[in-house]
Amino acid sequence: MSAIHTERRQPDARLATLARKDILRYLRHPAFLIGAALTVASCLFRPDEQFSSALQVIAPAAGLGLFGMIVMASLTRSSDAAAAAAGTVSTSQRTRTLALGCALVVPFAAGLVWFAWAVWAYNHWPAAPQGAPFGDISDTYMYATMFDLGVLAAVGGPVVGLVIGRWLPRRGAAPIAVVVMVLVTIVMQGIFEPLRYLRLVAPWTYFVGPFGTDGDGDRTLALTGSPYWYGAYLVALCTFGVLFAMLRDEEHSRHGLKRALAVVGLVAVVFCTLAITGGPQEVLVNPLPSGR
Amino acid sequence: MSTATAVLDGVSKSYGRTAALRTTDLELGYGVIGLLGPNGAGKTTMLRLVATSLPPTTGRILVAGHEVTASMAARTAARRCLGYLPQEVVFPRGMTAFSFLDYVAVLKEWQSADSRHREVLRVLELVKLGDRATKRIAKLSGGQRRRLALAQSLMGSPDLVVLDEPTTGLDPEQRASLCGILSGLAGTGTVLLSTHQTEDVAALCDRVIVLDDGAIRFDGTVVDLIATARGRVHVASLANPGALNSWRTGTGAVRSVGGQPGIDADAVEPTVEDAYLLLRAARQDNEGANR
């Protein structure tokens, strides 16, 4: 027996093969295709006059991020179902989780494509002086917010989906998580004064926008915090999420993983603190009225 | 050196206070080995232990020379040598027969796409699903799904194939085909299967193990099992008094298993099922006597 066994004993290539498979599954998933189509459709409209493409971060965040939660939770469940149908396979759950983590390259690449369009559109249709950038708010600052809220959100959503797929593998868990995520995000936009600083703990929050002042409901404001450190915080959160999903495998020793989680968690707290304490510490108001 | 493909050394499995498998020593060599027993006897537990999908409460298990209870690395090495068909299989949604097997093949570490696809097509042909490769699993019949599940366990021609009720849902033609496949595997490896179909055991197995209440009650050849019932199965015009089981056959005679034969009773050659029933009854009698 085992005549063909010799062809499959290359453990180093095991992860790469599975990752390629999961990348293809991600690319072909209907929810990804719908989300990507919605994101592309948003690019067909001329950007906002006052903020240019910076205000369109909602499109990749929803199309790639929120839909990505559904995609990744579904891929995780089907990977588990295939492994369960085979009873026992030599590829561990941890390796399978890591391979699914590699598939995050799909939403990341899609997010980057959107980012490239957003940068081009930002320069092609510059924002009006009543919008952003203004004063201390530079173009780099605006690019950072677009990267955080567009590209990193496109990856962050699927990471949440991976965690849900591993720890709450029930049908319907991902859609419920999407609703919860939307509600949390709405609350954490700095609309409520006490949450202006705390909002940076949330995985998605605006930095600039037409939040308005007394007498000018659409006045452009730049909220507190550093989008540069916030980006680092989001990367740390994504890393934490993948490691946390890998922790689900009870067959392996989990000591090393727990240590890594503690370190990444600590790094995330530090970056979040820097995001809150860095950048403008007062809400900046565009001196020009919105004109709306 | 032992030629056993799998060894259970002092293995037991408990769920809380319930003993699913009592302390068991067992060696599985080449050939087809049938596992018989009533529901709840511990068959699935034993198969899952051998297939490394369940850790034992006590004892050690070796598969293809790897002590699976020792380390994750040994368990992984053992899993490369075995194929397992669970009792109940839930397939991933949206996959075709081919894409499912291809994905499982990747999980079984087939890296080269060419050889993987060849192997997927080979096992699909083996279970006679070659013409259903591009069909969605949801569109397959129950028997076809069962054969698809069987196909994944045969991928890579493993040294040890563990099958939990493989004939469930198969029609007689498919069962006969399965017997052909399994007997082919038995030449150079071990097939351990659980079943309620005693005729499958009679037709296919070199060795039979009867499990009851988590303990092995019989372990031997099919011929030896049948021999335990010799002289205790009769046909007559009336049922044997105290017969364990009796029924009127197509010829009008009454076939009785156990009990006291009547005057006109003729002893007939017992079957595996007769022997199994008598073995079970003997155990229940012993239990009753001990109470």
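Protein sequence lines, in the order shown, are assigned to chains A and B.
Mapping of the first sequence onto the numbering used here: position 162 corresponds to residue 162, and the numbering continues sequentially without gaps.
Mapping of the second sequence onto the numbering used here: position 91 corresponds to residue 1091, and the numbering continues sequentially without gaps.
The beta carbon of each residue, even a glycine, is placed where N, CA and C say it ideally should be.
request  = Could you confirm whether any beta carbon from chain B is found closer than 7 Å to the beta carbon of A/T17?
outcome  = By 1-based counting over the first sequence, the position of residue 17 of chain A is 17. Chain B, which has a Cβ nearer than 7 Å to the Cβ of A/T17, makes this yes.
task = Count the other CB atoms, across all protein chains shown, that sit within 10 Å of the CB of A/G256; report buried if there are 16 or more and exposed otherwise.
result = Looking up residue 256 of chain A in the first sequence gives position 256. Answer is exposed; the Cβ neighbour count stays below 16.
request  = Identify the contact partners of A/S90 in chain B, using a Cβ-Cβ distance below 7 Å as the criterion.
outcome  = Here residue 90 of chain A is taken as the residue at index 90 of the first sequence, counted from 1. Listed by position along chain B, the residues whose Cβ is nearer than 7 Å to that of A/S90 are T1076, R1079, R1080, K1108, E1109.
inquiry  = Considering Cα atoms alone, identify which of A/A144, A/D249, A/A236 is closest to A/Y206.
reply    = Reading the first sequence from its first residue, position 206 is the one you call residue 206 of chain A. Residue nearest to A/Y206 within the set A/A144, A/D249, A/A236 is A/A144 (criterion: CA-CA distance).
message = Given this structure, state the Cα-to-Cα distance separating A/M1 from B/D1285, to the nearest angstrom.
response = Translated into the one-based positions of the first sequence, residue 1 of chain A becomes position 1. Translated into the one-based positions of the second sequence, residue 1285 of chain B becomes position 285. Because the pLDDT of A/M1 is 47, which lies under 50, any placement of that residue in the model is unreliable, and the number read from its coordinates should be weighed accordingly. If you take the alpha carbons of A/M1 and B/D1285, they lie about 44 Å apart.
query = Nearest to B/L1126 by alpha carbon, out of B/V1210, B/Y1030, B/L1185?
reply = Looking up residue 1126 of chain B in the second sequence gives position 126. Of B/V1210, B/Y1030, B/L1185, the residue nearest in Cα terms is B/L1185.
query = If you measure beta-carbon to beta-carbon, which residues of the region 85 to 110 of chain A are closer than 8 Å to chain B?
reply = Of all residues in the region 85 to 110 of chain A, A85, A86, G87, T88, V89, S90, T91, S92, R96 have a Cβ within less than 8 Å of some Cβ in chain B.
query = Straight-line CA distance for A/T6 to B/R1080?
reply = Here the question's residue 6 of chain A lines up with position 6 in the first sequence. Here the question's residue 1080 of chain B lines up with position 80 in the second sequence. The predicted model places A/T6 with a pLDDT of 49, which falls under 50 and marks its position as unreliable, so this point remains unresolved.
Where A/F211 falls: helix, strand or coil (DSSP) = As a working note, residue 211 of chain A is residue 211 in the first sequence. Three-state DSSP puts A/F211 in coil, outside helix and strand.
query = Using the beta-carbon count (16 or more within 10 Å), is B/A1006 buried or exposed?
reply = Looking up residue 1006 of chain B in the second sequence gives position 6. Burial state of B/A1006 is buried, judged by a 10 Å Cβ sphere holding 16 or more other Cβ atoms.
message = Below 8 Å on the Cβ atoms is my contact criterion, and I expect B/L1346 with B/L1085 to pass it. Report the Cβ-Cβ distance as a whole number of Å.
response = Because chain B in this structure spans residues 1001 to 1291, residue 1346 of chain B falls outside the shown range and cannot be described.
ask   = How about B/V1089: is its C-beta nearer than 7 Å to some C-beta of chain A?
value = For the purposes of this step, residue 1089 of chain B is taken as the residue at position 89 of the second sequence. Output row for B/V1089: interface = yes.
ask   = Can you find a C-beta in chain B that's less than 7 Å from the C-beta of A/E193?
value = Residue mapping note: residue 193 of chain A aligns to position 193 of the first sequence, counting from 1. So no, A/E193 is outside the interface.
ask   = How would you list, in chain order, the residues of chain A whose beta-carbon sits under 7 Å from the beta-carbon of B/M1072?
value = Locating residue 1072 of chain B in the second sequence gives position 72, where the first residue counts as 1. Taking the beta carbon of B/M1072 as reference, the chain A residues within 7 Å of it are E251, H252, listed in sequence order.
query = the region 71 to 86 of chain A: which residues have C-beta closer than 7 Å to a C-beta of chain E, in chain order?
reply = Considering every chain present, this structure includes no chain E. Its protein chains are A and B.
key: the region 1102 to 1135 of chain B: positions lying closer than 7 Å to chain A by Cβ   = Of all residues in the region 1102 to 1135 of chain B, those with a C-beta nearer than 7 Å to a C-beta of chain A are Y1103, V1104, V1106, L1107, K1108, E1109, W1110, Q1111, S1112, S1115, E1119, reading in chain order.
message = Threshold first: 4 residues or longer. Then list the alpha helix (DSSP H) segments lying entirely within the region 1183 to 1207 of chain B, N to C.
response = Fully contained in the region 1183 to 1207 of chain B are the following alpha helix (DSSP H) runs of length 4 or more, in chain order: 1198 to 1204.
task = Using only alpha-carbon positions, find the residue among B/Y1015, B/L1036, B/T1018, B/K1013 that is nearest to B/D1219.
result = Stepping through the second sequence from its first residue, residue 1219 of chain B is reached at position 219. Looking only at B/Y1015, B/L1036, B/T1018, B/K1013, the smallest Cα-Cα distance to B/D1219 is reached by B/L1036.
inquiry  = So for B/F1218, helix, strand or coil by DSSP?
reply    = The sequence position of residue 1218 of chain B within the second sequence is 218, counting from 1. B/F1218 carries a strand assignment under DSSP once its states are collapsed to helix, strand and coil.
task = Check whether the Cβ atoms of B/G1258 and B/A1236 lie closer than 7 Å to each other.
result = Here residue 1258 of chain B corresponds to residue number 258 of the second sequence, with the count starting at 1. Here residue 1236 of chain B corresponds to residue number 236 of the second sequence, with the count starting at 1. In this structure, B/G1258 sits away from B/A1236, with a CB-CB distance that is not shorter than 7 Å.
ask   = Would you say B/G1042 and B/L1021 are within 7 Å of each other, going by their C-beta atoms?
value = Reading the second sequence from its first residue, position 42 is the one you call residue 1042 of chain B. Reading the second sequence from its first residue, position 21 is the one you call residue 1021 of chain B. In this structure, B/L1021 lies closer than 7 Å to B/G1042 by Cβ.
ask   = Touching or not, the region 225 to 236 of chain A and the region 75 to 90 of chain A, by the rule of three or more beta carbon pairs under 8 Å?
value = They do not touch, by the three-pair rule.
key: Contacts around B/A1133, its chain only, beta-carbon distance under 6 Å, and the 5 residues preceding and following it disregarded   = Residue 1133 of chain B sits at position 133 when you count from the first residue of the second sequence. These residues qualify, in order along the chain: A1097, F1098, L1124.
ask   = At a Cβ threshold of 7 Å, is A/K21 touching chain B?
value = Here residue 21 of chain A refers to the residue found at position 21 when the first sequence is read from its first residue. Yes, A/K21 counts as interfacial toward chain B.
query = What residues of chain B sit near A/A13, judged by a beta carbon separation below 7 Å?
reply = Stepping through the first sequence from its first residue, residue 13 of chain A is reached at position 13. Here the neighbours are Q1111.
query = Considering only residues of the region 1041 to 1091 of chain B, which uninterrupted alpha helix (DSSP H) runs meet the minimum length of 4 residues and lie entirely inside it, listed in chain order?
reply = Runs of the alpha helix (DSSP H) lying entirely within the region 1041 to 1091 of chain B and spanning at least 4 residues, in chain order: 1043 to 1050, 1072 to 1079.
query = Mind checking whether B/S1246 and B/A1253 have CB atoms under 7 Å apart?
reply = Translated into the one-based positions of the second sequence, residue 1246 of chain B becomes position 246. Translated into the one-based positions of the second sequence, residue 1253 of chain B becomes position 253. Annotated as distal: B/S1246 and B/A1253, with beta-carbon spacing of 7 Å or more.
Other residues of its chain near B/V1201: CB distance less than 7 Å, five sequence neighbours each side excluded = On the second sequence, position 201 is the one that residue 1201 of chain B refers to. Cβ neighbours of B/V1201 beyond the five flanking positions: G1034, L1036, T1195, V1208, V1222, V1272.
inquiry  = Need the endpoints of the alpha helix (DSSP H) that A/A260 sits in, please.
reply    = On the first sequence, residue 260 of chain A is found 260 positions in, with the first residue counted as 1. For A/A260, the uninterrupted alpha helix (DSSP H) segment begins and ends at 255 to 277.
query = If you draw a straight line from the C-alpha of B/Q1087 to the C-alpha of B/P1166, how long is it?
reply = Position 87 of the second sequence, counted from the first residue, corresponds to residue 1087 of chain B. Position 166 of the second sequence, counted from the first residue, corresponds to residue 1166 of chain B. When rounded, the separation of the alpha-carbon atoms in B/Q1087 and B/P1166 is 8 Å.
key: Residues near B/E1109 by beta carbon distance below 8 Å, same chain, minus five either side   = Within the second sequence, numbered from 1, the residue matching residue 1109 of chain B stands at position 109. The beta carbon of B/E1109 lies closer than 8 Å to those of R1080 in the same chain, with the five residues before and after it left out.
inquiry  = Which residues does DSSP list as the beta-bridge partners of B/L1101?
reply    = The residue you call residue 1101 of chain B lines up with position 101 of the second sequence. Beta-bridge partners assigned by DSSP to B/L1101: none are found.
message = Between which two residues does the alpha helix (DSSP H) holding A/Y122 run?
response = In the first sequence, residue 122 of chain A corresponds to position 122, counting from 1. 105 to 124 is the extent of the alpha helix (DSSP H) around A/Y122.
task = Measure the alpha-carbon distance for A/S53 versus A/M142 and round it to whole angstroms.
result = For the purposes of this step, residue 53 of chain A is identified with residue 53 of the first sequence, where counting begins at 1. For the purposes of this step, residue 142 of chain A is identified with residue 142 of the first sequence, where counting begins at 1. Their Cα atoms are separated by approximately 10 Å.
ask   = How big is the Cα-Cα spacing for B/L1279 and B/R1217?
value = One-based indexing of the second sequence puts residue 1279 of chain B at position 279. One-based indexing of the second sequence puts residue 1217 of chain B at position 217. The straight-line gap from Cα to Cα measures roughly 8 Å.
query = Does B/T1333 get closer than 7 Å to chain A when you measure Cβ to Cβ?
reply = Given a span of 1001 to 1291 for chain B in the structure shown, any question on residue 1333 of chain B remains unanswerable.
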